[in-house]
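With UniProt numbering, letter number 218 in the sequence shown gets 218, and the count goes up by one each step, no holes.
Positions of the beta carbon are idealized from the N, C-alpha and C atoms, including for glycine.
Structure record follows, encoded as structure tokens.
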Amino acid sequence: MPAAHPLATSAVSWRWTSGMYTLRTRPVCLRRLGNHPTLEVLYQQKLSALIGEDQATQLVNQAPVLITLGGNDFVNNYYLVPMSVRSRDSRQYALPDYVRFIVSEYRKVLTRLYELGARRVLVTGTGPLGCVPAELALHSHNSECAAELMRDVNLFNPQLVDMVRGLNRAIGANVFVTANTYRMNFDYLSNPQKYGFTNVQVACCGRGPYNGIGLCTAASNVCADREGFAFWDAFHPTERANRIIVGQFMHGDTDYMHPMNLSTILAVDQRGSSASS
């Protein structure tokens, strides 16, 4: 949808070409994450021309922003791209150093979003990367989640959360909300029957072991009933799995959403709008 479309006063979505931030990689991703906030600048300019600067600023301040971080920086930059100066094979960064580096870079991105007017930003870390069909196909032993990627996630997510909470303290407000997407995903992966899944390892669409090799194409195997599958393709959840995750975004307790879920945020903001009108 063009940013200046009339519906842009209700919602606007950009699909960024993966969130990888690491510099000097092969062209696995097309743009650096640090460049993406420019899209918001362009949107605000067009929105101001459409509805006026004051109203545009208010709209941006009140709009929830979702940003998902980390997954591609591990799966692609650290492991898949051997010539990246910050990949595992380059020996420039051991894993703990690499995690600290990308968390520090993400802090700059979140700070820039705040400077651009974002006041409600939902930050998700990474889910259980070692459990996706692609990683099971390549690195699993006895159908267990790939241990190395699970270690990476368990190192990255807590540092991301600490950084986000530190930003909130520095700002003096709960601008950034963290979502425990690791737990949201692992809940149904570890107890599929509770959530109505019959298969949480094999992708609905794909080829090879676990349908985890390559992309979902016309030549792929496709499951007969996607409702029973947790994964649509080698990496991405099905709609049913995504609905479970979104349900936690909206209504999850503080084990899943910190400091509050989106329903609470919307209610607080609505009361604030009513009081000021």
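- Query: Where does Leu122 fall in DSSP's three states?
  - Reply: strand
- Message: Please state the DSSP three-state secondary structure of Val202.
- Response: coil
- Is DSSP giving His236 helix, strand or coil here? coil
- Message: Suppose contacts are defined by Cβ-Cβ distances below 8 angstroms. Is Gly130 in contact with Ala118 by that definition?
- Response: no
- Below 8 angstroms between beta carbons: does that hold for Leu189 and Pro96? no
- Could you check what DSSP says for Asn174 in three-state terms: helix, strand or coil? coil
- Task: Measure the beta-carbon distance from Met163 to Val103 and round it to whole angstroms, keeping in mind my assumption that it falls under 8 angstroms.
- Result: 5 angstroms
- Query: Per DSSP, what kind of secondary structure is Pro128 in: helix, strand or coil?
  - Reply: coil
- Task: My understanding is that Asn157 touches Tyr182, with C-beta atoms under 8 angstroms, so please give their C-beta distance in whole angstroms.
- Result: 6 angstroms
- Message: In the DSSP assignment, the alpha helix (DSSP H) including Val75 goes from what residue to what residue?
- Response: It is not in any alpha helix (DSSP H) - Val75 carries neither H nor E in the DSSP assignment.
- Item | Min CB distance Phe235 to chain B below 8 angstroms | The structure shown contains no chain B; it is built from a single protein chain.
- Message: For Ala203, count the other beta carbons within 10 Å of its own beta carbon; 16 or more makes it buried, fewer makes it exposed. Which is it?
- Response: buried
- Message: Measuring only the C-alpha atoms, how far is Thr178 from Thr68?
- Response: 10 angstroms
- First through last residue of the alpha helix (DSSP H) which encompasses Pro96: Leu95 to Glu115
- Item | Contact check, Leu110 vs Val121, beta carbons under 8 angstroms | yes
- Message: Using 8 angstroms for Cβ pairs, my map puts Gly228 next to Asn199. What's the rounded Cβ distance?
- Response: 6 angstroms
- Which class does Thr181 belong to by DSSP, given the choice of helix, strand or coil? helix
- Query: Is Pro259 helix, strand or coil by DSSP?
  - Reply: coil
- Task: Determine the burial state of Glu53: buried for a count of at least 16 other Cβ atoms within 10 Å of its Cβ, exposed for fewer.
- Result: exposed
- Task: Would you mind sorting Gln55 into buried or exposed? The rule is 16 or more other CB atoms within 10 Å of its CB.
- Result: exposed
- Message: Between the alpha carbons of Ser220 and Pro237, how many angstroms are there, rounded?
- Response: 17 angstroms
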